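Working notes, beginning with the structure itself.
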Amino acid sequence: MGRILGIDYGRKRTGVAVTDPLGIVAGNLATVPTHTLMQFIQDYIGREQVERIVIGNPMQLNGQPSESMKYITPFVNKLRKVLPDMPVVMYDERFTSTIAHQAMIDGGMKKSDRRDKSRVDAIAATIILNDYLQSIYNKN
Numbered sequence: 051m052g053r054i055l056g057i058d059y060g061r062k063r064t065g066v067a068v069t070d071p072l073g074i075v076a077g078n079l080a081t082v083p084t085h086t087l088m089q090f091i092q093d094y095i096g097r098e099q100v101e102r103i104v105i106g107n108p109m110q111l112n113g114q115p116s117e118s119m120k121y122i123t124p125f126v127n128k129l130r131k132v133l134p135d136m137p138v139v140m141y142d143e144r145f146t147s148t149i150a151h152q153a154m155i156d157g158g159m160k161k162s163d164r165r166d167k168s169r170v171d172a173i174a175a176t177i178i179l180n181d182y183l184q185s186i187y188n189k190n
């Protein structure tokens with residue numbers, strides 16, 4: 051079994067989370083400039099055994115794709131072309147940024163630190179990945 055990467059894709063920067071080698075617990079890996087994301091993923095996969103990639107699927111409350119899908123879809127298509135043997139899973143990411151902000155508040159993070167959007171992106175990626183893992187475990 052390998053690690054699972056979780057991605058909270060953004061136009062400027064992207065949060066990346068990863069599981070432990072057994073795929074049980076997710077944690078923050080990095081926040082990277084989006085234009086470097088593909089290379090970051092390829093470099094990481096070259097160093098670590100990765101089983102699959104989970105990308106946050108931004109949905110509106112009514113279940114329709116959000117406006118940001120027009121940026122995510124081309125990236126996902128390119129990722130599938132560059133890494134054809136790597137399973138890529140889209141997973142609902144509704145409310146992850148809100149949950150990330152609340153986690154920062156609950157964790158006692160100072161207001162000035164909470165304004166750092168890269169921290170929010172990294173936490174959101176971890177939440178997406180943890181939610182995905184929970185959905186797998188709930189099925190079994």
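Each number in my numbering comes from the position in the sequence shown (counting from 1) with 50 added on.
The beta carbon of each residue, even a glycine, is placed where N, CA and C say it ideally should be.
Since this is a predicted model, take the numbers as computed values, not measurements.
So, for residue i: in the same chain, excluding its five sequence neighbours on each side, which residues have a beta-carbon less than 6 Å away from its beta-carbon?
| i | result |
| --- | --- |
| Glu98 | Arg53 |
| Ser118 | Pro108 |
| Asn112 | none |
| Lys189 | none |
| Tyr182 | Val104, Tyr141 |
| Lys120 | none |
Can you give me the C-alpha to C-alpha distance between residue i and residue j, rounded to a whole angstrom?
| i | j | result |
| --- | --- | --- |
| Val66 | Gly106 | 10 Å |
| Gly60 | Glu143 | 12 Å |
| Thr69 | Leu55 | 7 Å |
| Gly96 | Gln114 | 35 Å |
| Ile186 | Val100 | 17 Å |
| Leu72 | Ile173 | 20 Å |
Which one or two residues does DSSP pair with residue i in a beta bridge?
| i | result |
| --- | --- |
| Asn107 | Asp142 |
| Pro83 | Arg63 |
| Leu55 | Val68, Ile103 |
For residue i, I'd like the list of residues in its chain whose CB is within less than 7 Å of its CB, leaving aside the five on either flank, ordered along the chain.
| i | result |
| --- | --- |
| Asp171 | Asp58, Gly60, Arg63, Thr64, Gly65, Thr81 |
| Arg191 | Outside the shown range of the chain (51 to 190) lies residue 191, about which nothing can therefore be said. |
Keeping to the same chain, check which residues put their C-beta closer than 8 Å to that of residue i; ignore five residues upstream and five downstream.
| i | result |
| --- | --- |
| His85 | none |
| Phe90 | Val66, Ala80, Val82 |
Could you check which residue in the options has the C-alpha nearest to that of residue i?
| i | options | result |
| --- | --- | --- |
| Gln184 | Val104, Met88, Met136 | Val104 |
| Tyr141 | Asn180, Leu87, Gly73, Asp70 | Asn180 |
| Met51 | Arg102, Ala175, Tyr187 | Arg102 |
| Met136 | Ala175, Gln92, Ala174 | Gln92 |
| Lys128 | Leu87, Tyr94, Ala174 | Leu87 |
| Tyr94 | Leu133, Tyr182, Asn188 | Leu133 |
Next item on the list: Specify whether the stretch 123-131 and the stretch 73-81 touch according to this definition: at least 3 beta carbon pairs, one from each stretch, less than 8 Å apart.
Entry: no
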